[in-house]
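According to this note's numbering, the sequence shown is numbered sequentially starting from 16. All C-beta atoms in this analysis are idealised placements derived from N, C-alpha and C, irrespective of residue type, glycine included. Keep in mind that this is a model prediction, so the values were computed, not measured. To start, the structure itself, in structure tokens.
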Amino acid sequence: MRTTDLLFSAVYLFVMLIGFTQIGNLTEFSASGITSAKFYPQLVLGLGLLTGVIETARTLMSNIYAEQPDFASTWRGAFRPRRVVLLALFIVYLLSMKPLGFMVSTAAFCFVTTVLLAPVRNPKLAIVAGLVTLGTLALIYLLLVVYLQAFLP
């Protein structure tokens with residue numbers, strides 16, 4: 016894990032340095048005389064660089080890596096099959112929004128994930144998943160159509 020952490024730190028610092036060098040390309044478009052348009056990107060990237068240096072130093076000085084699990088076992092726990100299926104369903108959900116529409120794809124995603132996340136599979140599950148889906152869609156409709164219509168022109 017130490018080698019992996021150091022490689023990640025190197026890539027992270029490299030990306031932060033590239034971002035920091037590109038700040039000069041930002042144009043001053045702010046009408047405010049108080050802060051520069053470059054201030055917040057510099058602050059974020061500067062803190063990111065500082066964090067990367069601190070984590071790299073901590074990794075180099077730490078000796079806790081002797082008893083740590085290896086990379087494969089760590090990632091095996093992170094990517095359990097159920098999580099990967101949910102990630103795939105979320106990607107399908109995002110890709111289906113344009114052809115199917117937001118409400119239809121949200122209904123399908125909500126129903127399927129409710130069924131998949133249920134601890135027990137039984138016939139009542141479809142009814143409960145349908146009710147959860149209808150409730151979610153009703154709240155989304157209420158928020159996006161009814162409530163925001165009163166406040167937006």
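>> Beta-carbon within less than 8 Å of L146's beta-carbon, same chain only, minus the 5 sequence neighbours each way: which residues are those?
In response: None.
>> Check this for me: beta carbons of V127 and L158, under 8 Å apart or not?
In response: In this structure, V127 sits away from L158, with a CB-CB distance that is not shorter than 8 Å.
>> Using only the alpha-carbon positions, how far apart do M31 and L102 sit?
In response: Straight-line measurement puts the Cα of L102 at about 27 Å from the Cα of M31.
> Is the beta carbon of A153 less than 8 Å from the beta carbon of V130?
Replying inline: With a cutoff of 8 Å on beta-carbon distance, A153 and V130 are scored as not near each other.
>> According to DSSP, simplified to helix, strand and coil, what is K113?
In response: Note: K113 maps to helix in three-state DSSP.
> Roughly how many angstroms lie between the CA atoms of L41 and F29, to the nearest whole one?
Replying inline: Using only the alpha carbons, I get a separation of about 20 Å.
>> According to DSSP, simplified to helix, strand and coil, what is A93?
In response: Annotated three-state conformation of A93 is helix, per DSSP.
> Hey, which unbroken runs of the alpha helix (DSSP H) at 4 residues or more fall wholly within the stretch 104-156?
Replying inline: Taking only runs of at least 4 residues, the alpha helix (DSSP H) segments lying wholly in the stretch 104-156 are 117-132 and 139-156.
>> What would DSSP say about N40, mapped onto helix, strand or coil?
In response: DSSP places N40 in the helix class (H, G or I) of the three-state scheme.
> Quick one, which of V68, K139, G39 and P138 has its alpha-carbon nearest Q57's?
Replying inline: Closest in alpha carbon position to Q57, among V68, K139, G39 and P138, is G39.
>> If you follow the alpha helix (DSSP H) that A173 is in, where does it begin and where does it stop?
In response: Given a span of 16 to 168 for the chain in the structure shown, any question on residue 173 remains unanswerable.
>> Whole angstroms are fine: how far does the CA of S120 sit from the CA of I106?
In response: Taking the straight line joining both Cα atoms gives about 11 Å.
> Whose CA, out of N78, R17, A52 and L64, lies closest to the CA of I33?
Replying inline: Nearest C-alpha to I33 among N78, R17, A52 and L64: L64.
> From L21, F124 and F117, pick the residue whose C-alpha is nearest to that of V160; which is it?
Replying inline: The shortest C-alpha separation from V160 is found at F117.
> In three-state DSSP terms, what is S88?
Replying inline: Per DSSP, reduced to three states, the secondary structure at S88 is helical.
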